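Enquirer: My questions will all concern the structure given below.
There are 2 protein chains.
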Amino acid sequence: MARRSDHTREELKELALKSAEELLNDKSASELSTRQIAAKMGYTVGTLYQIFKNLPDLLLHVNARTLKILYDDCLALNLTSDNHQKNILAYANVYLEFAHSHPGLWELIFDNQILNDDELPDWYLQQVNSLFSLIEIQLKAIQPGASATEVTKTSRVLWSSVHGICTLSINNNLFAQSACSSEELIQSLISHFIMGWTTPTKQKARGKSE
Amino acid sequence: MARRSDHTREELKELALKSAEELLNDKSASELSTRQIAAKMGYTVGTLYQIFKNLPDLLLHVNARTLKILYDDCLALNLTSDNHQKNILAYANVYLEFAHSHPGLWELIFDNQILNDDELPDWYLQQVNSLFSLIEIQLKAIQPGASATEVTKTSRVLWSSVHGICTLSINNNLFAQSACSSEELIQSLISHFIMGWTTPTKQKARGKSE
DNA sequence: GCAATTATTTAACAATGCTCAATAATTACT
DNA sequence: AGTAATTATTGAGCATTGTTAAATAATTGC
């Protein structure tokens, strides 16, 4: 058979991504396979390779959609409060809630095995940056005097830390013994870190920023 | 052939683990295979399955050895300083340096695909806990008044955050654009977080711990 | 309505984790 | 010493994986 034209190229792409995403509701990223995705689409593997370069490429596009959802969820919060620490916490909770409700998709974002992070395309990096910038805006509001470099750095610290808490507390049961929820951990991280970040530095140790 | 007795059961175990570790010097965890390990040992896959239940089991033992190295490295620091924040930073740098010098082993520790974290054995969890306890000792020294729960929680927050920074900055190039080293990020995290944690709480927001 | 195009499939390759029957070397026993 | 029981090790095999490339069938253009 050929040129069934049941779906346009664009529809096929959408279909493939949606199929992969649905499969990730039930399985983890490592259990996902091209044949499974193709089967769910009602097509064969060969078709998949006409739309995407390979499986990592497909998964990269899944990730891009996930990042967009995260970004939109953050925007949907419509934060207007002057309590910028509370705002950052709200953003963190968007991550956390998404990680809890879509562990498969979340896992995939930070999966270094499947994705080859060595050469992430520009359009993807820009999406990541726009997420960072949300935090940077809040940080800048907290300390208007901070340099751009310092704000960037701080946003990375916060994002990485939130990420660490999300992954370790969700995929790993290393915390089973310490009966504290990931919400609590993130609350602790952000409140204490921001508190320390904004505390007037009397005489900070060498190597300290700001 | 049979019963070559070239190696005892225990020697085989050691040989297998060492072979896996050596392979991880050049490849990432996902590229590791049973046949490769067996070949490096000078044996066949079948032998591997007489020593370990399966590949995840083997890798779990690799991880256990990595954790031991980390723990020993921490002890070797022989920290006696009263500057407990500095001590924690020293521990963090042990992690970071190990992650940099042995990315394959480091990656494996936090790999949720390969390892099935659902049911980590007790002896493994205890190893993790002993690493945590090093941090907890320092935290307890910083704030003797803090409850055991609070100290445990805080150690988890710090460990997760350090982990997040290590993984994201090593495997992921999301930080390529923000020209700051992982050392700087960790320094920022720890100094600010501890500062915030120890800052006398005048009137903290609701939900705050301590 | 025939020919060119192309969407889709099928088959195939190499490699994976894992199992189990075949095999060969060492012990145990007479 | 020589046969029998034991067992360490292998090798073949299964199902699955990602990926490619040739075969196939349907649509378009003439």
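Listed in order, the protein sequences are those of chains A and B. Just so you know, my numbering puts the end of the first sequence at 210, numbered straight through with nothing missing. Just so you know, my numbering puts the end of the second sequence at 1210, numbered straight through with nothing missing. Don't be surprised by glycine CBs; every beta carbon is placed ideally from N, CA and C. Values in this document were obtained by computation on a predicted structure and should not be read as measured data.
1. Do isoleucine 109/A and threonine 66/A have their C-beta atoms within less than 8 Å of each other?
2. Does threonine 1154/B have its Cβ less than 8 Å from a Cβ in chain A?
3. Rounded to whole angstroms, what's the CA-CA distance from glutamate 10/A to glutamate 31/A? Just pull it up for me.
4. From glutamate 150/A to lysine 1013/B, what distance separates their C-alpha atoms?
5. Can you name, in chain order, every residue of its own chain whose Cβ lies under 6 Å from the Cβ of leucine 1055/B, other than the five neighbours on each side?
6. Among residues of its own chain, excluding the 5 on either side of isoleucine 137/A, which ones have a beta-carbon nearer than 6 Å to its beta-carbon?
7. What's the call for glycine 1046/B, buried or exposed, on a 16-neighbour Cβ count within 10 Å?
8. List the residues of chain B that phenylalanine 193/A touches, going by C-beta distances under 8 Å, in chain order.
9. Look up serine 1019/B in the DSSP assignment and say whether it is helix, strand or coil.
10. Cα separation between glutamate 1210/B and isoleucine 1051/B?
11. Excluding sequence positions up to five away, which residues of its chain have a Cβ less than 7 Å from the Cβ of threonine 44/A?
12. Is it the case that the Cβ atoms of leucine 77/A and alanine 90/A are separated by a distance below 8 Å?
13. Just to make sure I have the definition right: I need the residues of chain A whose C-beta is within less than 7 Å of the C-beta of leucine 1139/B. Which are they?
14. Compute the beta-carbon to beta-carbon distance between serine 1161/B and leucine 189/A, rounded to the nearest angstrom, for a pair I have assumed lies under 8 Å.
15. Does the distance from the CB of proline 103/A to the CB of isoleucine 170/A come in under 8 Å?
16. Where lysine 1204/B and tryptophan 1106/B are concerned, what is the direct C-alpha to C-alpha distance, given to the nearest angstrom?
17. Using the three-state DSSP reduction, which class does arginine 206/A fall into: helix, strand or coil?
18. So with CB distances below 8 Å, who are the chain A contacts of cysteine 1180/B?
19. Start and end of the alpha helix (DSSP H) containing glutamine 1085/B?
20. Go ahead and label glycine 196/A buried or exposed: buried means 16 or more other beta carbons lie within 10 angstroms of its beta carbon, across all protein chains shown.
21. Can you tell me which of the three DSSP states cysteine 1180/B falls into?
22. Check whether the Cβ of serine 1133/B lies closer than 8 Å to any Cβ atom in chain A.
Expert: This is what the structure gives:
1. Isoleucine 109/A places its beta carbon less than 8 Å from that of threonine 66/A.
2. Yes, contact with chain A.
3. Rounded to whole angstroms, glutamate 10/A to glutamate 31/A spans 26 Å at the Cα level.
4. Our two residues, glutamate 150/A and lysine 1013/B, have alpha carbons roughly 49 Å apart in a direct line.
5. Beyond the five residues adjoining it in sequence on each side, leucine 1055/B comes within less than 6 Å, by CB distance, of Thr1034 in the same chain, given in chain order.
6. For isoleucine 137/A, there are no CB contacts under 6 Å within the same chain when 5 residues up- and downstream are skipped.
7. That one is exposed.
8. Per Cβ cutoff of 8 Å: Leu1189, His1192, Phe1193, Gly1196.
9. Serine 1019/B falls in the helix class under three-state DSSP.
10. Unreliable positioning characterises glutamate 1210/B in this predicted model, as indicated by a pLDDT of 42, which lies under 50. A coordinate reading is not provided.
11. Only Ala38 meet the Cβ criterion.
12. In terms of Cβ geometry, leucine 77/A and alanine 90/A form a close pair [threshold 8 Å].
13. Leucine 1139/B does not reach chain A, its nearest Cβ partner there being about 12 Å away, counting only Cβ pairs nearer than 7 Å.
14. Between serine 1161/B and leucine 189/A, the beta carbon gap of about 6 Å places them in contact (Cβ cut-off 8 Å).
15. In this structure, the beta-carbon distance from proline 103/A to isoleucine 170/A falls below 8 Å.
16. Annotation note: pLDDT 46 at lysine 1204/B (below 50); position unreliable, coordinate value reported separately. Lysine 1204/B and tryptophan 1106/B have their C-alpha atoms roughly 37 Å apart.
17. Bear in mind that the predicted position of arginine 206/A carries a pLDDT of just 46, short of 50, making it too unreliable to give a figure here.
18. For cysteine 1180/B, the neighbours in chain A by C-beta distance under 8 Å run, in chain order, Thr149, Thr152, Lys153, Arg156.
19. Where glutamine 1085/B is concerned, the enclosing alpha helix (DSSP H) stretches over 1084 to 1101.
20. With 16 or more other Cβ atoms within 10 Å, it is buried.
21. Three-state result, cysteine 1180/B: coil.
22. Cβ-Cβ to chain A under 8 Å: no for serine 1133/B.
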